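If you number the sequence shown the way my numbering does, the last residue is 78 and the count never jumps.
Glycine included, each C-beta is placed from N, C-alpha and C at the ideal position.
The model shown is predicted, which means the values in this text are computed figures rather than measured ones.
Have a look at the structure below before the remarks.
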Amino acid sequence: MLPLGTKLVAGRAKANTTDSTVGARVSLGSNDNGGFQLAVVLEVSIPNVSLN
């Protein structure tokens, strides 16, 4: 399921989002201040949409 913002932009562009996927890699680590930090990498595939 695509995030709402992606659906909105794709809908306005009349883009075909069939077979699209979204994944996330999330990691939690410590920072230099003794606290924690969160890192997220989004992996988005929209095979029916050109970057042009």
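Residue i in three-state terms, based on DSSP
i	result
G60	coil
T32	helix
Distance, residue j Cα to residue i Cα
i	j	result
T44	E69	16 Å
G37	A65	29 Å
P73	V52	23 Å
A39	P29	16 Å
S76	L54	33 Å
G60	N42	46 Å
L34	T47	15 Å
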